[in-house]
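Participant: Numbering of the sequence shown is given in this note's numbering, commencing with residue 348 and proceeding in unit increments.
Built from N, CA and C at the ideal position, the CB exists for glycine as well.
All of these numbers come straight from a predicted model, not from anything done at the bench.
Can you keep this structure in mind? I'll have questions shortly.
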Amino acid sequence: MKRKEIFAGNWKMFKTCSEAVNLAQELISGIKIKEGREYVVFPPFTALKVVADTCKGSALRVGAQNMYYEKEGAFTGEISPVMIKDCGAAFVLLGHSERRHIFHETDALINKKIKAALTYGLQPMVCVGELLEERESGKTNIVLESQVKGAFEGLRTEDMKNISIAYEPVWAIGTGKVATPEIAEEAHVTIRKYISELFGENVANALPILYGGSVKPDNIEGLYSMENIDGVLVGGASLDGASFLKIINV
Ligand code: 13P
């Protein structure tokens, strides 16, 4: 079975509104659309609406980088799923390692956010990945299992149609140290196995699992050639139009 591919750029805390719109326009005119492939950018909240407006009618889709799980209320500084939808976004990135490690998000919180995103019609892209010391002490699979099972606890099989996972080993994020295609492939197979234990083989086989962590134009081909790598989530190299286009047009 051929799985859906997703090629995504996480702009993190970069780009003013005008810079974000310029980059989105450059991407829209440079994408060589491939069947079965989706293209998504995750601008900062401040640029979400203008980028979504720019992307209307194009192949480029838009997502938010985070979200709170309540619809509205006295939660100063937070953004709700309804607000994200209202901006024209279709996706939301949840459980990014920077959210987990800098802002101390737990699997239980991420689970609540995933459920709220689905309730309001957003497609969660859920990030998992181990720290360097966890990999070096042989704990990668235990970490991936608890992150996957914690994130998807209580979800129904049909919810999984709207979910994608990004495997982002923390030691590879922003470090220039990309996982080898073989290391990434092994982790993707492991994640798929945990999904299969939760939701069965059909769901696991249909689920897009992306790799993220120092993806660049010169390493995309090796990663993309692996059977279980269904796309990529790119940070640094997605901030420059020419370099991101080389990646998404692979
Ligand atoms: P880099 O591509 O900059 O390593 O970032 C990866 C990432 O965190 C994407 O979400």
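To the nearest angstrom, how far is the alpha carbon of ILE461 from that of LEU374?
Facilitator: Near 28 Å, if we compare the C-alpha coordinates of LEU374 and ILE461.
Participant: Taking just the CA atoms, how far does VAL388 sit from GLY588?
Facilitator: Roughly 12 Å separates the two Cα atoms.
Participant: Mind checking MET360: buried by the 16 CB within 10 Å criterion, or exposed?
Facilitator: Answer is exposed; the Cβ neighbour count stays below 16.
Participant: Identify, in the order they occur along the chain, each residue of the same chain with its Cβ nearer than 7 Å to the Cβ of GLY569, setting aside the five sequence neighbours on each side.
Facilitator: Around GLY569: PRO528.
Participant: Less than 6 Å between the CB of GLY442 and some heavy atom of ligand 1, yes or no?
Facilitator: Because no heavy atom of ligand 1 lies under 6 Å away, the Cβ of GLY442 does not count as near it: no.
Participant: So does ASN458 have its beta carbon nearer than 6 Å to some heavy atom of ligand 1?
Facilitator: Not so, every heavy atom of ligand 1 lies at least 6 Å from the Cβ.
Participant: Can you find a heavy atom of ligand 1 that lies under 6 Å from the Cβ of ILE520?
Facilitator: For ligand 1, at least one heavy atom lies less than 6 Å from the Cβ of ILE520.
Participant: Verify the contact flag: GLY560, CB atom, against every heavy atom of ligand 2, threshold strictly below 6 Å.
Facilitator: Questions concerning ligand 2 fall outside what the structure shown contains, since the ligands it does hold are ligand 1.
Participant: Would you list the one or two residues that DSSP bridges to SER511?
Facilitator: Looking at the DSSP assignment, SER511 forms a beta bridge with MET472.
Participant: If ASN488 and THR537 are in contact, beta carbons under 8 Å, what's the gap, nearest whole angstrom?
Facilitator: Between THR537 and ASN488 the Cβ distance is about 6 Å, and since that is below 8 Å, they are a contact.
Participant: When you compare the CB positions of ARG384 and GLU352, do they come within less than 7 Å of one another, or not?
Facilitator: Contact flag set, yes.
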